[in-house]
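Visitor: Handing you this structure, nothing more for now.
Chains as they are written, first to last, in our numbering: chain U, 7 to 255; chain X, -3 to 434.
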């Protein structure tokens, strides 16, 4: 589904990603861990198409097509979803209106019938209940004045509604208490299937107790310095990153 | 008097005053005092602190033509049919160039304790009260209004009465000649525990450089709850000046919404006096400008009693070479403890040549108060656009959604459902037609 080959990117002249190689197949969950400043969020941003990052080398293929050549919205319509580390507050834009527009943009692209207000409400209310979001949520402006936990649950709600093939979750666990973490993880787990994949970026092993990865990769200084199965995450929890960094040096 | 005569040799104040005197001799002291004050001050200039960013020189250069008499330009019901709020089922008072039109107005079904009429018909006894709230102001346009006002709305809602339906005050200028100046005076008294929605619209039919100059005095009794929506959509050659004086009684609630879309230059002086404890005042405004337009909101919110809340929210969308001006003074008098005053002014610049001037001014003489203010001037939020695009929306759709949201934030606060919906649709349409969204 996703093949990243020797991907190099940075901001202005500062290189951040220095040759990432990663293959994600359908049905897999990959965790990307690493200390602060290692390039985890840059990787997420580059894959989602955020402005301001220059790709200087390598490639990222999504279903065998050049992902980096697509506009941000085209990637979204093709099924790439980024759950933001810092979801953006959009005062004045009603959540229901926003979400229905997004869902319909994607349904239209897939050749599916667009939701009318009634069908949309029916579909979204089921998902909201699963995520513990009250009905007033739809009337509130997107993320405006939301608590940290509400913002993250909103990301998961959007993900659920947009039904992506490839979901990238950027530090979705940060700022969540254990109950919220469980709700968010349940949301991700419900989405898992043989035709989609998740890339979970996290600083802490904690989230991986709930979203169990097939592969764990350690990103350091713009490169993946170690890959393994879920036991690697436990090892990192216990020993920290220093031993790996020394090993890689 | 000499200055008015000098700058405008064609204008003869004595003759105008003779005509005005026929409408009410008891008003002549107010009128004469107004003219004397204006002769003394003349028009403000950029050197006046309160007019630093708003240049009224183009008004001073116009011929001086107060519309003391109706201009006799025929205007039929059909011309008003499609105008804003025409289908809301309101009571409607229509003024054409400052003169009441009985033929175009419709007033019915209000309860017996409610008076809805035009000022010239119901002046008896009010002559001494007019200016009671505005009299302390040295604003030159208020002085001109005192001198030359012709008519305006008179609304009195008795104690515990409620307007059966919203009252729509529709002020139309025919704008057939440069300098035609309409001076409108509104007098509104809401009794204790009364309720109502008042809508005020200002439109122009012609394209001449007309002047509209409004003074509104509004007394809101104890426990009353009044919503006041002002919609200004005059032509881009028009000049619009307005001063609103509101005094709030104990535990009164007042929401004032200003939607300023039109006029080459508009100025709204908002003077709120929270005279008794427990009042709540919301000032909520949206200005959307293009071309060379300027919109200025100049507020003084006076907390004169404890436990009062005031909230000011003003958003501006500024395109082309337009300018938005916001001046928000919050004055907390000694003893006005537990004041909660909030103020925000956000400006979205859609062009490199647009300008926003924003000036918060907190003056606090009590020690147990909460006052906050915030102002932003910027372009559209790139992070928000990226967020929307990452959800599958293309850039034009994302920009449209953000702009609509920015304007909608203000419109949303209008409590009257039908008014809010009509304005929401209108604002959205205006964003599409006037502002570059793609």
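From the three backbone atoms N, C-alpha and C, an ideal C-beta is built for every residue, glycine too. Owing to the predicted nature of the structure, the values given are computational and were not obtained by experimental measurement.
Starting from the N-terminal side, write out each stretch of the beta strand (DSSP E) that is 3 residues or longer and does not extend beyond the segment 281 to 368 of chain X.
Guide: Segments of the beta strand (DSSP E) lying fully in the segment 281 to 368 of chain X: 290 to 299, 305 to 314, 319 to 328, 336 to 345 and 351 to 360.
Visitor: Can you name, in chain order, every residue of its own chain whose Cβ lies under 6 angstroms from the Cβ of residue 37/U, other than the five neighbours on each side?
Guide: Taking the first residue of the first chain as position 1, residue 37/U is located at position 31. So the qualifying residues of the chain are 206, 214, 219 and 222.
Visitor: Taking 8 angstroms as the threshold (C-beta atoms), are residue 154/X and residue 109/X in contact?
Guide: Position 113 of the second chain holds residue 109/X. Position 158 of the second chain holds residue 154/X. In this structure, residue 154/X lies closer than 8 angstroms to residue 109/X by Cβ.
Visitor: Which stretch, first to last residue, makes up the alpha helix (DSSP H) that contains residue 249/U?
Guide: Sequence index remark: in the first chain, residue 249/U carries index 243 (1-based). Its alpha helix (DSSP H) spans residues 248 to 254.
Visitor: Could you please give the first and the last residue of the uninterrupted beta strand (DSSP E) stretch that includes residue 114/X?
Guide: Position 118 of the second chain, counted from the start, is the residue given in the question as residue 114/X. Note, residue 114/X: beta strand (DSSP E), 110 to 114.
Visitor: With respect to 7 angstroms, is the separation between the Cβ of residue 315/X and the closest non-hydrogen atom of the ligand HEM below this value?
Guide: Absence of the ligand HEM is noted for the structure shown, with no ligands found whatsoever.
Visitor: For a quick check, are the C-beta atoms of residue 40/U and residue 22/U less than 8 angstroms apart?
Guide: Against the first chain, residue 40/U aligns to sequence position 34. Against the first chain, residue 22/U aligns to sequence position 16. No, the pair does not count as a contact, with Cβ atoms beyond the cut-off.
Visitor: Under 7 angstroms Cβ-Cβ, which residues of chain X neighbour residue 56/U?
Guide: Indexing the first chain from 1 puts residue 56/U at position 50. Near residue 56/U (Cβ distances below 7 angstroms), the residues of chain X are 382.
Visitor: In whole angstroms, what is the alpha-carbon distance linking residue 312/X and residue 429/X?
Guide: Mapped onto the second chain, residue 312/X falls at position 316. Mapped onto the second chain, residue 429/X falls at position 433. The alpha-carbon atoms of residue 312/X and residue 429/X are separated by roughly 17 angstroms.
Visitor: Could you have a look at residue 244/X and say whether DSSP puts it in helix, strand or coil?
Guide: On the second chain, residue 244/X is found 248 positions in, with the first residue counted as 1. Strand.
Visitor: Is residue 375/X close to chain U? Criterion is C-beta to C-beta, closer than 8 angstroms.
Guide: Start at 1 with the first residue of the second chain, and residue 375/X comes out as number 379. Not one chain U Cβ lies under 8 angstroms of residue 375/X.
Visitor: Please confirm whether residue 83/U has its beta-carbon closer than 8 angstroms to some beta-carbon of chain X.
Guide: One-based indexing of the first chain puts residue 83/U at position 77. Interface residue, yes.
Visitor: Answer with yes or no whether the minimum CB distance from residue 111/U to chain X is below 8 angstroms.
Guide: Taking the first residue of the first chain as position 1, residue 111/U is located at position 105. Yes, because at least one Cβ of chain X sits closer than 8 angstroms to the Cβ of residue 111/U.
Visitor: Do residue 184/X and residue 151/X have their C-beta atoms closer together than 8 angstroms?
Guide: Taking the first residue of the second chain as position 1, residue 184/X is located at position 188. Taking the first residue of the second chain as position 1, residue 151/X is located at position 155. Contact flag set, yes.
Visitor: Hey, is residue 97/U's beta-carbon within less than 8 angstroms of any beta-carbon in chain X?
Guide: Reading the first chain from its first residue, position 91 is the one you call residue 97/U. Output row for residue 97/U: interface = yes.
Visitor: Is residue 152/U close to chain X? Criterion is C-beta to C-beta, closer than 8 angstroms.
Guide: Locating residue 152/U in the first chain gives position 146, where the first residue counts as 1. Residue 152/U does not count as touching chain X.
Visitor: Mind checking residue 318/X: buried by the 16 CB within 10 Å criterion, or exposed?
Guide: Walking along the second chain from the start, residue 318/X turns up at place 322. So residue 318/X counts as buried.
Visitor: Spatial neighbours of residue 32/U within its chain, please: CB distance less than 8 angstroms, with the 5 preceding and 5 following residues excluded, ordered by chain position.
Guide: To locate residue 32/U, count along the first chain from 1; it is residue 26. Hits under 8 angstroms: 7, 171, 200, 201, 202 and 203.
Visitor: Helix, strand or coil, according to DSSP, for residue 254/X in the structure here?
Guide: Residue numbering aside, residue 254/X sits at position 258 when the second chain is read from its first letter. Three-state DSSP puts residue 254/X in a strand.
Visitor: So, under 8 angstroms CB-CB, residue 83/U and residue 54/U are touching, yes? Tell me the CB distance rounded to an integer number of Å.
Guide: Translated into the one-based positions of the first chain, residue 83/U becomes position 77. Translated into the one-based positions of the first chain, residue 54/U becomes position 48. Contact doesn't hold; Cβ gap of about 13 angstroms is too wide.
Visitor: What is the DSSP secondary structure of residue 198/U, counted as helix, strand or coil?
Guide: Along the first chain, one-based indexing puts residue 198/U at 192. Of the three classes helix, strand and coil, the one that applies to residue 198/U here is coil, per DSSP.
Visitor: Apart from the five residues just before and just after residue 273/X, which ones in its own chain have a Cβ nearer than 8 angstroms to its Cβ?
Guide: The sequence position of residue 273/X within the second chain is 277, counting from 1. Closer than 8 angstroms at Cβ, skipping near neighbours: 246, 247, 301, 302, 303 and 304.
Visitor: Determine which residues share a DSSP beta bridge with residue 147/U and list them.
Guide: Against the first chain, residue 147/U aligns to sequence position 141. DSSP lists 100/U as partners of residue 147/U.
Visitor: With the cut-off set at 8 angstroms, would you say residue 389/X and residue 376/X are in Cβ contact?
Guide: Within the second chain, numbered from 1, the residue matching residue 389/X stands at position 393. Within the second chain, numbered from 1, the residue matching residue 376/X stands at position 380. It is not a contact, given that the beta carbons lie outside the stated cut-off.
Visitor: CB-CB under 7 angstroms to residue 120/U, same chain, minus the five flanking residues each way: which ones, in chain order?
Guide: By one-based count along the first chain, residue 120/U stands at place 114. Around residue 120/U: 110, 113 and 114.
Visitor: Write down the C-beta distance between residue 234/X and residue 215/X rounded to the nearest angstrom, noting that I regard them as a contact closer than 8 angstroms.
Guide: Along the second chain, one-based indexing puts residue 234/X at 238. Along the second chain, one-based indexing puts residue 215/X at 219. About 29 angstroms; that fails the 8 angstroms criterion.
Visitor: Grouping DSSP H, G and I as helix and E and B as strand, with all else coil, what is residue 161/X?
Guide: Stepping through the second chain from its first residue, residue 161/X is reached at position 165. Of the three classes helix, strand and coil, the one that applies to residue 161/X here is coil, per DSSP.
Visitor: Going by C-alpha distance, which of 402/X, 137/X, 416/X and 207/X is nearest residue 99/U?
Guide: Here residue 99/U corresponds to residue number 93 of the first chain, with the count starting at 1. The shortest Cα separation from residue 99/U among 402/X, 137/X, 416/X and 207/X belongs to 402/X.
Visitor: Cβ of residue 63/X within 8 angstroms of Cβ of residue 171/X?
Guide: Against the second chain, residue 63/X aligns to sequence position 67. Against the second chain, residue 171/X aligns to sequence position 175. No; because the gap between Cβ atoms is not below 8 angstroms, this pair is not in contact.
Visitor: Pull up the distance between the alpha-carbon of residue 151/U and that of residue 69/X, whole angstroms please.
Guide: Taking the first residue of the first chain as position 1, residue 151/U is located at position 145. Taking the first residue of the second chain as position 1, residue 69/X is located at position 73. Whole-angstrom Cα-Cα distance: 52 angstroms.
Visitor: Along the segment 159 to 184 of chain U, where does the CB come closer than 9 angstroms to a CB of chain X? Name the residues.
Guide: Flagged, chain order: 164 and 168.
Visitor: Going by C-alpha to C-alpha distance, which of 164/X, 294/X and 341/X sits closest to residue 309/X?
Guide: As a position in the second chain, residue 309/X is number 313, starting the count at 1. The option with the nearest alpha carbon to residue 309/X is 341/X.
Visitor: My understanding is that residue 230/X touches residue 199/X, with C-beta atoms under 8 angstroms, so please give their C-beta distance in whole angstroms.
Guide: Position 234 of the second chain, counting from 1, holds the residue named residue 230/X. Position 203 of the second chain, counting from 1, holds the residue named residue 199/X. Indeed they touch by this definition, with Cβ atoms about 6 angstroms apart.
Visitor: Leaving out five residues on either side along the sequence, give the residues of the same chain with a beta carbon under 8 angstroms from the beta carbon of residue 168/U.
Guide: The residue you call residue 168/U lines up with position 162 of the first chain. Once the five neighbours on either side are set aside, the close Cβ partners of residue 168/U are 82, 87, 108, 109 and 112.
Visitor: Determine whether the beta carbon atoms of residue 205/X and residue 175/X lie at a separation below 8 angstroms.
Guide: The sequence position of residue 205/X within the second chain is 209, counting from 1. The sequence position of residue 175/X within the second chain is 179, counting from 1. Yes, these two residues count as a Cβ contact at 8 angstroms.
Visitor: Relative to the C-alpha of residue 16/X, which candidate in 386/X, 95/X and 86/X has its C-alpha closest?
Guide: Position 20 of the second chain, counted from the start, is the residue given in the question as residue 16/X. Of the candidates 386/X, 95/X and 86/X, the one whose C-alpha sits nearest the C-alpha of residue 16/X is 95/X.
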